[in-house]
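As you go down the protein sequences, you meet chains F and P in turn. Just add 185 to the spot in the first sequence (first one is 1) and you have this note's numbering. Just add 185 to the spot in the second sequence (first one is 1) and you have this note's numbering. Note that CB positions come from ideal geometry on N, CA and C, so glycine has one too. Below is one structure; the comments refer to it alone.
Number of protein chains: 2
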Amino acid sequence: MLLSQKCQYALRASFHLAKCYGQGPVRIADVAEAQAIPKRFLEVILGQLKQGGFVASHRGNEGGYVLDRDPSGLTVGEIIRFVEGPIGPVGCMAGDAKENCPLRGRCVFMPMWEQVRDQVEEVYDNTTLQDLVEKERAQERQFAPDYAI
Amino acid sequence: MLLSQKCQYALRASFHLAKCYGQGPVRIADVAEAQAIPKRFLEVILGQLKQGGFVASHRGNEGGYVLDRDPSGLTVGEIIRFVEGPIGPVGCMAGDAKENCPLRGRCVFMPMWEQVRDQVEEVYDNTTLQDLVEKERAQERQFAPDYAI
DNA sequence: ACCTAGTCGATCAAGTTGGTCGGGATTATA
DNA sequence: TATAATCCCGACCAACTTGATCGACTAGGT
């Protein structure tokens, strides 16, 4: 039912890097502070996202992380699937678990599960990090429209 | 992301009792066998559903469980909420967890979470046990239309 | 009285979650 | 080349949840 904390952290971290896209590396500590994520745990998460090709890192002084994908082409769904595995309300919809279902083929719930999965994927796969960044910028303009005056 | 095994068992058990609605008590062992649920575990689950007023039990010889609600008025959503708690992709949408969110008020993800929750609830709250029973009966007619000849 | 079934509380192994820690490797800059 | 900043890596860990199992007990019908 719920997304793991780790997955939410991964999304928030990616989002933060999307905000800083094109501005050079961002330190783990900065991401951690901005997004209220435990720093040591974030190290683990960013390392994983790096394996997946979502982010890239620069070591040493002046180092940090950058988003390694164009935010306008990177969806929330991709990140969730990478961290959590296939999207869906039950495990028996994908992979080998599907074959092991004792009710294989005659499970009345399956159409409902599929309906839910499709609805959820629809949302996650049509939300890009760019969308979120723009949404936040729009909100900031609304609540502090004259910050530059 | 996923519904717990327990919740799926609860749904399958309720569904089975809905199939037998109006035909007297069904033994735990029968439900367990029909729905491929570990019997001892099912005891626990049915006990819980009884507390929630979803089912009723009759002890002694010829005893068993019956659905204590009209299947046409009992939705999947009700059962899921009873077993799993509030529906939604993240914990910080309901109750006290909402207040504890470090990003309270300015979380860009919240509208997306709400969208997902609404879509999922839409499906679960509009599927009754009666719907599922009828769907299965229709399927059986399709695959074995002449079983009574 | 006796059999059948539900009931209740304790218990439990294994896996997942959500982290933490120490120290090592790498790089920019002075 | 020293140094400070920064990421990197594997090990470790406590707490919780999941998915059960067991034995003994209680209630009901015949």
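Short CB-CB distance (under 7 Å) between residue i and chain F
{"i": "residue 323 (chain P)", "result": "no"}
{"i": "residue 328 (chain P)", "result": "no"}
{"i": "residue 317 (chain P)", "result": "yes"}
{"i": "residue 188 (chain P)", "result": "yes"}
Bridge partners - residue i, DSSP secondary structure assignment
{"i": "residue 251 (chain P)", "result": "P:241"}
{"i": "residue 312 (chain P)", "result": "In DSSP, residue 312 (chain P) forms no bridge with anything."}
{"i": "residue 211 (chain F)", "result": "F:250"}
Own chain, CB closer than 8 Å to residue i, minus 5 neighbours either side, in chain order
{"i": "residue 217 (chain F)", "result": "223, 224 and 227"}
{"i": "residue 306 (chain F)", "result": "262 and 272"}
{"i": "residue 193 (chain F)", "result": "none"}
9 Å Cβ cut-off: residues of chain P touching residue i
{"i": "residue 209 (chain F)", "result": "The contacting residues do not exist; residue 209 (chain F) stays about 22 Å from chain P at best."}
{"i": "residue 320 (chain F)", "result": "293 and 296"}
{"i": "residue 288 (chain F)", "result": "197, 220 and 221"}
7 Å Cβ cutoff, residue i in contact with chain P
{"i": "residue 304 (chain F)", "result": "yes"}
{"i": "residue 276 (chain F)", "result": "yes"}
{"i": "residue 221 (chain F)", "result": "yes"}
{"i": "residue 256 (chain F)", "result": "no"}
{"i": "residue 300 (chain F)", "result": "yes"}
{"i": "residue 227 (chain F)", "result": "no"}
{"i": "residue 308 (chain F)", "result": "yes"}
Same chain only: Cβ atoms within 7 Å of residue i, ignoring 5 sequence neighbours per side
{"i": "residue 264 (chain F)", "result": "195, 196, 199 and 239"}
{"i": "residue 191 (chain P)", "result": "230 and 268"}
{"i": "residue 243 (chain F)", "result": "210 and 249"}
{"i": "residue 282 (chain P)", "result": "276"}
{"i": "residue 206 (chain P)", "result": "252 and 256"}
{"i": "residue 322 (chain P)", "result": "none"}
Contacts that residue i makes with chain P (C-beta to C-beta distance below 8 Å)
{"i": "residue 312 (chain F)", "result": "297"}
{"i": "residue 216 (chain F)", "result": "Those within 8 Å of residue 216 (chain F) in chain P number zero; the least Cβ separation is about 14 Å."}
Contacts of residue i in chain F (Cβ-Cβ under 9 Å)
{"i": "residue 200 (chain P)", "result": "293 and 294"}
{"i": "residue 261 (chain P)", "result": "294 and 297"}
Beta-carbon contacts of residue i that lie in its chain and below 6 Å, excluding the five residues immediately before and after
{"i": "residue 335 (chain P)", "result": "An answer regarding residue 335 (chain P) cannot be provided, because it is not within the stretch 186 to 334 covered by chain P."}
{"i": "residue 241 (chain P)", "result": "251 and 253"}
Listed by chain order, chain F residues near residue i by CB distance under 7 Å
{"i": "residue 193 (chain P)", "result": "275"}
ask   = On the three-pair Cβ rule with 8 Å, is the segment 310-324 of chain F touching the segment 200-220 of chain F?
value = yes
inquiry  = Under 8 Å, with one C-beta from each stretch per pair, do the segment 247-260 of chain F and the segment 208-227 of chain P reach the 3-pair mark?
reply    = no
query = Between the segment 260-278 of chain F and the segment 292-299 of chain F, are three or more C-beta pairs nearer than 8 Å?
reply = yes
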